[in-house]
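If you want the numbering used here, it's the position in the sequence shown, counting the first as 1, plus 38.
So the structure is just underneath, and the comments pick up after that.
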Amino acid sequence: MPDTRKSIAVILSGCGNQDGAEIHESTLTLLAIHKNGADYSCYAPNIKQHHTLNHITGKEMDEERNVLIESARIARGSITDLAEFSAADHDALILPGGLGAAKNLSDYAFAGTACTINPDVQKAVTDMIAAGKPIGALCIAPVILARLLEDVLITVGQDPAAIAAVESMGARHRTTLQTEVVVDKEHRIVTTPCYMLNARVDQIAAGAERLVKEVLDLLTP
39 MPDTRKSIAV ILSGCGNQDG AEIHESTLTL LAIHKNGADY SCYAPNIKQH HTLNHITGKE
99 MDEERNVLIE SARIARGSIT DLAEFSAADH DALILPGGLG AAKNLSDYAF AGTACTINPD
159 VQKAVTDMIA AGKPIGALCI APVILARLLE DVLITVGQDP AAIAAVESMG ARHRTTLQTE
219 VVVDKEHRIV TTPCYMLNAR VDQIAAGAER LVKEVLDLLT P
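Shown next as structure tokens:
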């Protein structure tokens, strides 16, 4: 019998919430994908990480890391250069948060509302949108969608500065609690705030699972 499991692409941005992909959000998203009967493929851009931080002190370290190689830590080595991404290979796309989304996948952490998006990330998002395929984004990652899509409905939780930023980029915002999700059915976008709020790991798991379920529901005719 043919494999009918849905394929979800997950774009990682390194390893560690301060300078890469948020590890809880990433791994719990992968868990939720399998729990809900789908499969995932991990991707990351093959680029230099913006900087490397000591996750105990928060101070910058004098070393260089690569986003693809660091993301492979989360993906256990099973990861593909985002330059090779094809929307035709997948049914949906999910972007976990962590400041890597704002430092490596985009420069939002430094440029704010004037941010630019990594070209491979931009192509993956716009190709999926053009194909009518849903996209999920967690935590700070929705700012990427705010920059790329007009009038998209998203959430970044309750942070006033982040809300003002996404609205100034043309997005519509809905304030949410830790485990809540926002679904924009017109654009086929699902977002959840995760660690944009003070959250426990079980709340991250609940939010990630709800996001994955909503993304999969958008695939149901």
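C-beta: ideal position from N, C-alpha, C; glycine also.
| Start-end ranges of the alpha helix (DSSP H) lying completely within the segment 165-235, minimum 4 residues | Taking only runs of at least 4 residues, the alpha helix (DSSP H) segments lying wholly in the segment 165-235 are 180-186 and 198-206.
| task | Starting from the Cα of R226, find the closest Cα among A199, M166, D77 and G138 and give me that residue. | result | Here residue 226 refers to the residue found at position 188 of the sequence shown. Restricting attention to A199, M166, D77 and G138, the CA atom closest to the CA of R226 is found in M166.
| Closest by CA to C232, which one among E60, Q56 and L50? | The residue you call residue 232 lines up with position 194 of the sequence shown. It is E60 whose Cα lies nearest to the Cα of C232.
| query | If we ignore side chains and look at the alpha-carbon of each, how far apart do K44 and D129 end up? | reply | Mapped onto the sequence shown, residue 44 falls at position 6. Mapped onto the sequence shown, residue 129 falls at position 91. Answer to the nearest angstrom: the Cα atoms are 6 Å apart.
| field | Between the CA atoms of R111 and I35 - distance to the nearest angstrom | value | Lying before the first or after the last residue shown, residue 35 is absent from the chain, which here runs from 39 to 259.
| query | Would you call the segment 144-155 and the segment 195-207 in contact, with 3 or more CB pairs under 8 Å? | reply | Output reads yes: the segment 195-207 touches the segment 144-155.
| task | Can you give me the start and stop residues for the beta strand (DSSP E) that I49 sits inside? | result | Taking the sequence shown and counting its residues from 1, the one referred to as residue 49 is at position 11. Looking at the DSSP string, the run of the beta strand (DSSP E) that includes I49 is S45 to I49.
| request: Round the Cβ separation of A82 and S109 to the nearest angstrom and send it over; I've been treating them as touching at under 8 Å. | output: As a position in the sequence shown, residue 82 is number 44, starting the count at 1. As a position in the sequence shown, residue 109 is number 71, starting the count at 1. Confirmed, Cβ separation roughly 4 Å.
| Is it buried or exposed for R19, if we count other Cβ within 10 angstroms and need 16 for buried? | Shown here, the chain extends from 39 to 259; a query on residue 19 therefore has no answer.
| What number of angstroms, rounded off, separates the C-alpha of E188 from the C-alpha of T229? | Indexing the sequence shown from 1 puts residue 188 at position 150. Indexing the sequence shown from 1 puts residue 229 at position 191. The straight-line gap separating the alpha-carbon atoms of E188 and T229 is approximately 16 Å.
| task | Check each candidate in K73, A70, A184 and G115 and name the one with the smallest Cα separation from C53. | result | Position 15 of the sequence shown, counting from 1, holds the residue named residue 53. Ranked by Cα distance from C53, the first of K73, A70, A184 and G115 is G115.
| said: For L91, tell me which candidate among L68, G58, L254 and G195 has the shortest Cα-Cα distance. | reply: Residue mapping note: residue 91 aligns to position 53 of the sequence shown, counting from 1. For L91, the closest C-alpha among the options L68, G58, L254 and G195 is that of G58.
| What three-state label does DSSP hand R248 in the structure shown? | Taking the sequence shown and counting its residues from 1, the one referred to as residue 248 is at position 210. In the three-state scheme derived from DSSP, where H, G and I count as helix and E and B as strand, R248 is classed as helix.
| query | Looking at C-alpha atoms only, which residue of G75, D255, A113 and L120 is the closest neighbour of N156? | reply | The sequence position of residue 156 within the sequence shown is 118, counting from 1. Just measuring C-alpha positions, the residue of G75, D255, A113 and L120 sitting nearest N156 is L120.
| said: Less than 8 Å between the beta carbons of I20 and A184, yes or no? | reply: Residue 20 lies beyond the range of the chain shown here (39 to 259); nothing can be said about it.
| query | In whole angstroms, what separates the C-alpha of V250 from that of H88? | reply | Numbered from its first residue, the sequence shown carries residue 250 at position 212. Numbered from its first residue, the sequence shown carries residue 88 at position 50. Whole-angstrom Cα-Cα distance: 29 Å.
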